[in-house]
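**Q**
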Amino acid sequence: MRADVVVVGAGPAGLATATRLAEAGRQVLLLARGNGFTHWGAGSVDVLGRVGGEPVERPLEALDRLPEGHPYHLIGQAAVRDGLDWFSRFTAAAGLAHRGDLERNRGQVTALGTLRPTCLVQEPAAGELSGRVAVVNFAGFRDFSSALCAQRLRRAGIDATPASAPLPAWDHDRYFTGVELARAIDDAGFRRRLAPGLARAAAGADVAVVPAVLGVGRGHEPWADLQSLVGTPLVEAAIAPPSIPGLRLFAAYRARLEQLGVRWQFGFPAVGVERDGDRVTAVRSEGASRVLATRCQELVLATGGVAGNGIEANRDGTLTERVAGLPVDGFGDRLGFLGTRFLGDQPLAAAGVRVDGELRPMDASGAPLLANVRCVGGLLAGHDPTVEGSREGVALATAARVAALLTATPAR
Amino acid sequence: MLHVEQTADHCIKCNVCNTVCPVSAVTDLFPGPKYEGPQGQRFRAGIDTGDSPDKSLDYCSACGLCTQACPEGVMVAEINQIARSRLVGDRGGLRLRDQIISRPSLMGLMARPVAPVANAVMAAKPVRVLVEKAMGVHRGAAMPKFSAMTLRSWARSHRDPAGTTRTVAYFHGCAAQEFEPEVGAAVVRVLERNGARVTFPKQGCCGLPLVSNGDFDAGRSYATRLVRALRGSADDPGVIVASSTSCGMTLKAKYRELLGLDDADTRAVSQAVYDICEYLVGLDDDGSLNRSFAPIRARALYHPPCQLMAHGVGLPALDLLALVPGLEVERSRAGCCGTAGTYGVKVEKYQIAMDVGQTLFDQVAASRPDFIVCDSETCRWHIAKSTGLPVYHPVQVLDRAYATA
């Protein structure tokens with residue numbers, strides 16, 4: 001197999017990079033070991049939510065307060081703007097308009113009743129929680145507790161009341177998942193039967209918070225339609241994986257990639273590279289019975305950090321970058337990997353590959369190791385996407401930078 | 413390398429597999445790959461309680477999309493297939509219908525001498541009703557037509573061309589041998605257009621239908637026989653091309669993953685197997701593919717079979733079809749056509765197969781292509797029956813483009 005550019009990884013960084021390069025006319029192969037963070041996240045674009053543990057109100061201003069070596073410092077504000085502008089245009093054209101801007105963070109409501117700081121959210125999650133707020137679950141849906149959500153929102157000073165909406169008769173006679181409910185809501189007839197019960201549950205409220213299950217296969221149309229049937233603004237709360245807003249986004253990327261003729265391959269991880277001096281000439285990936293080589297001119301690694309499987313943490317305390325064997329900023333000691341809080345500051349989450357201003361991996365002296373390899377997204381050293389709330393921002397900004405770098409000069 | 417069942421430990425319960433399962437999307441009878449696979453596995457592994465796996469497992473079509481979507485490398489579909497074999501074992505083996513539909517080579521052997529009669533009988537509605545009642549094969553399910561002439565008898569009268577520059581062995585499988593010798597003949601002609609001499613090593617059924625129906629013991633004896641038969645070709649000529657994506661995939665990976673055959677002979681054979689389109693794209697990569705195709709002015713829809721995705725070779729047929737001038741190719745947006753080998757012919761699963769295939773059938777109805785292209789035979793039969801359109805193996809399209817060039 002052959003491609004101009006092989007992009008490894010199908011999370012927020014890999015999908016954006018592959019799409020942008022293909023839009024610029026490069027012939028791209030997208031290789032992934034499986035689905036990525038789109039399916040796990042809140043379906044938002046986090047640019048910078050916290051610095052030094054403190055919530056950030058104005059993400060662009062806060063970029064300066066980030067420590068040296070942070071990916072944002074390497075690529076600059078312009079790439080951040082470019083990344084988000086492109087993403088906003090792409091998603092709007094795909095029927096997945098986002099709301100929000102880079103100047104000021106907003107609070108995205110979650111199933112736990114927290115308001116997580118983020119930059120852009122899909123339109124169904126964008127409504128303001130002002131006035132009387134009904135927190136409505138659909139009867140029988142087990143991934144959302146309206147009581148818990150409302151209780152926490154009240155603590156934040158929001159006038160929230162829990163409620164439950166009955167589901168109309170449908171195909172499922174057992175417990176069901178959010179995806180199944182979302183597929184049902186894709187159907188206009190189901191929405192018409194669902195709306196009266198939802199309207200009763202939201203009666204008297206100025207806005208209703210519901211779990212993020214309002215359709216998965218038809219963009220935001222089911223949300224808009226249901227909202228007009230109910231007559232009350234509906235705001236989706238982020239729920240546990242799989243992320244339905246993330247599935248919508250993935251579907252939009254997939255459709256765009258196929259339209260652009262991008263080949264993609266899931267389920268077979270890239271396991272190595274072939275080199276000629278300081279250039280990668282081919283990517284090796286697992287096949288059913290053989291390792292296969294795909295020749296390429298450029299390689300983009302969007303494989304993620306430890307959680308995304310881009311980096312392997314070894315028993316001896318060393319860390320390995322899985323595709324090209326790049327050096328990883330390590331800890332030398334396994335005890336240093338972990339922090340004390342599960343979802344808190346975890347040093348291992350910040351492990352990554354050091355790169356230069358053109359996102360090429362560097363050795364300890366700062367010289368580029370491989371001339372035609374770029375690293376994007378969570379694989380990069382110097383940031384912790386979870387604790388900072390910077391995952392999609394870094395992904396889109398580094399994708400923007402790579403798109404600019406690899407399309408400025410024609411393919412060799 | 414981890415054993416299939418050990419990969420269950422890598423599950424992080426993220427539910428990604430459940431989002432891609434085409435079966436649980438259309439029926440409650442199958443709760444979803446995560447529940448049956450890594451979660452159910454916790455109760456099946458280690459401690460043998462003597463309980464059979466849950467019978468809902470049998471509704472897994474083994475399409476494998478869950479395994480490909482998993483970000484953590486859990487072999488969800490394969491875990492389910494191994495558990496199904498235990499379910500079948502606990503039941504005392506396969507039921508008669510599954511015994512029969514799992515042995516295409518035997519069916520061919522019995523029906524071939526009377527092929528026209530057998531085909532006419534099987535085309536009669538009252539017969540299909542009877543077969544459904546007595547056997548559990550759905551009256552609406554696509555049935556391949558027995559060919560009066562096998563591929564191997566065609567090959568005996570076929571002359572090798574002069575001036576060949578390479579040799580490849582052809583694993584044609586049961587479909588090309590018994591039902592669609594025209595596909596096998598197209599494979600041979602296309603390879604010959606590329607300077608290859610094609611050998612026909614002695615071979616039998618790969619055992620895939622037995623494996624996917626859950627009779628691993630019978631599957632293993634088919635597998636062992638076939639490995640022995642193909643072992644020589646793995647050394648010389650060293651390349652074994654397969655035109656059935658699912659049988660090729662079985663040889664490449666499933667003997668090892670499912671049947672636990674990991675000996676040197678099995679490995680040698682599995683590493684020599686190439687899907688025919690994978691092989692041709694490889695020639696193109698080296699600049700040695702004969703690209704002199706005549707135009708085919710038509711619109712085609714290409715549907716990649718699930719089992720092709722399990723090869724990990726991308727979509728080589730799309731690359732090849734793109735070389736045919738005039739041919740407009742639209743890509744299927746469906747994950748699975750529904751039939752998944754013998755799954756869709758069973759009376760209790762036929763409607764599920766039709767519901768799963770609806771995404772594809774809707775796309776076909778909307779774009780009205782002149783024909784459909786698909787690498788896998790059971791998918792071709794199912795799609796042809798369901799859409800009324802001709803469905804070709806990609807190599808048949810290439811064969812035509814060469815012939816008119």
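Chains as they are written, first to last, in the numbering used here: chain Y, 1 to 412; chain V, 413 to 817. Backbone N, C-alpha and C define an ideal beta-carbon position, used for all residues, glycine too.
(1) Could you tell me the boundaries of the beta strand (DSSP E) in which Cys-296 of chain Y lies?
(2) Examine chain V for any beta-carbon lying closer than 7 Å to the beta-carbon of Ala-411 of chain Y, and answer yes or no.
(3) Is Tyr-175 of chain Y helix, strand or coil when you go by DSSP?
(4) Any C-beta of chain V within less than 7 Å: which residues of the stretch 31-44 of chain Y qualify?
(5) Buried or exposed: which applies to Ala-539 of chain V, given that a residue is buried once 16 or more other Cβ atoms fall within 10 Å of its Cβ?
(6) Going by beta-carbon coordinates alone, are Pro-806 of chain V and Cys-659 of chain V separated by less than 7 Å?
(7) To be precise: take each residue of the stretch 725-736 of chain V, compare its Cβ to all Cβ atoms of chain Y, and keep it if any distance is under 9 Å. Which residues remain?
(8) Thinking just about the alpha-carbon of each residue, which of V:Ala-581, V:Lys-537, V:Val-533 and V:Ala-546 is nearest to the one in Phe-558 of chain V?
(9) Run through chain Y and tell me which residues come within less than 7 Å of Asp-470 of chain V, C-beta to C-beta.
(10) Is any beta-carbon of chain V found at less than 7 Å from that of Ala-307 of chain Y?
(11) May I have the straight-line CA-CA distance separating Val-273 of chain Y from Gly-310 of chain Y, to the nearest angstrom?
(12) Taking the continuous alpha helix (DSSP H) assigned at Gly-694 of chain V, which residues delimit it?
(13) Just to confirm, is the Cβ distance from Gly-317 of chain Y to Leu-379 of chain Y under 7 Å?
(14) Touching or not, the stretch 773-785 of chain V and the stretch 754-763 of chain V, by the rule of three or more beta carbon pairs under 8 Å?
(15) Would you report the Cα separation of Arg-412 of chain Y and Val-28 of chain Y, rounded to the nearest angstrom?
(16) Does DSSP classify Arg-248 of chain Y as helix, strand or coil?
(17) CB-CB under 7 Å to Ser-779 of chain V, same chain, minus the five flanking residues each way: which ones, in chain order?
(18) Just to confirm, is the Cβ distance from Gln-683 of chain V to Ser-289 of chain Y under 7 Å?
(19) Taking Cβ positions, are Leu-521 of chain V and Leu-499 of chain V nearer each other than 7 Å?
(20) Thinking Ala-752 of chain V and Ala-474 of chain V are a contact (beta carbons under 8 Å), I'd like their distance in whole angstroms, please.
(21) Output needed in chain order: residues of the stretch 218-245 of chain Y with a Cβ under 8 Å from some Cβ in chain V.
(22) Pair every Cβ in the stretch 212-230 of chain Y with every Cβ in the stretch 173-185 of chain Y, then say whether three or more of these pairs are closer than 8 Å.
(23) Under three-state DSSP, which class holds Ala-163 of chain Y?
(24) Please confirm if Asn-427 of chain V has its CB atom under 7 Å from at least one CB of chain Y.
(25) Is the Cβ of Thr-790 of chain V closer than 7 Å to any Cβ of chain Y?
(26) Since Gln-683 of chain V meets chain Y, which of its residues come closer than 7 Å, beta carbon to beta carbon?
(27) For the stretch 364-393 of chain Y, enumerate the residues whose C-beta is nearer than 7 Å to any C-beta of chain V, in chain order.
(28) Whole angstroms are fine: how far does the CA of Gly-127 of chain Y sit from the CA of Thr-19 of chain Y?
(29) Any idea what DSSP makes of Arg-412 of chain Y, helix, strand or coil?
(30) Three Cβ pairs or more, each shorter than 8 Å: is that satisfied between the stretch 735-749 of chain V and the stretch 696-710 of chain V?
(31) So, under 8 Å CB-CB, Leu-563 of chain V and Ala-597 of chain V are touching, yes? Tell me the CB distance rounded to an integer number of Å.
(32) Going along the chain, which residues of its own chain have a beta-carbon closer than 6 Å to the beta-carbon of Gly-14 of chain Y, five neighbours each way excluded?
(33) Considering only DSSP beta bridges, list what His-805 of chain V is partnered with.
(34) Return the residue from the list Y:Phe-144, Y:Ala-147 and Y:Arg-132 that minimises the CA-CA distance to Asp-159 of chain Y.
(35) Buried or exposed: Phe-455 of chain V, going by 16 or more other Cβ atoms within 10 Å of its Cβ?
**A** Concretely, from the data shown:
(1) Segment 291-301, the beta strand (DSSP E) holding Cys-296 of chain Y.
(2) No answer about Ala-411 of chain Y holds up, because its pLDDT of 45 lies below 50 and its placement is not dependable.
(3) coil
(4) Arg-33, Gly-34, Asn-35, Gly-36, His-39 and Trp-40
(5) Note that residue 539 of chain V is Val in the sequence shown here, rather than Ala. For Val-539 of chain V, the number of other beta carbons within 10 angstroms of its own is below 16, and it is reported as exposed.
(6) Going by C-beta atoms, Pro-806 of chain V is not nearer than 7 Å to Cys-659 of chain V.
(7) Val-725, Gly-726, Leu-727, Pro-728, Leu-730, Asp-731 and Ala-734
(8) V:Val-533
(9) Correct list: empty, because the minimum Cβ distance to chain Y is about 17 Å.
(10) With 7 Å as the cut-off, Ala-307 of chain Y does not count as an interface residue toward chain V.
(11) As the crow flies, the alpha-carbon of Val-273 of chain Y is around 14 Å from that of Gly-310 of chain Y.
(12) 688-697
(13) no
(14) no
(15) Residue confidence is low: Arg-412 of chain Y scores 42 on pLDDT, short of 50, so the model does not pin down where it sits. Its coordinate-derived value is still stated next. Arg-412 of chain Y and Val-28 of chain Y: Cα-Cα distance of roughly 14 Å.
(16) Arg-248 of chain Y falls in the helix class under three-state DSSP.
(17) Leu-713 and Glu-742
(18) Yes, these two residues count as a Cβ contact at 7 Å.
(19) Pairing Leu-521 of chain V with Leu-499 of chain V gives a Cβ-Cβ distance that is not under 7 Å.
(20) 6 Å
(21) Those would be Pro-241 and Pro-242, in chain order.
(22) yes
(23) strand
(24) Under the Cβ criterion of 7 Å, Asn-427 of chain V is counted among the residues facing chain Y.
(25) no
(26) What Gln-683 of chain V touches in chain Y: Ser-289 and Arg-290.
(27) none
(28) 29 Å
(29) Its pLDDT being 42, under 50, Arg-412 of chain Y is placed unreliably in this model, and the value from its coordinates should be taken loosely. In the structure shown, Arg-412 of chain Y sits in coil (DSSP, three-state: anything other than H, G, I, E or B).
(30) yes
(31) 7 Å
(32) Val-7 and Ala-302
(33) Answer is none; His-805 of chain V lacks a bridge partner.
(34) Y:Arg-132
(35) exposed
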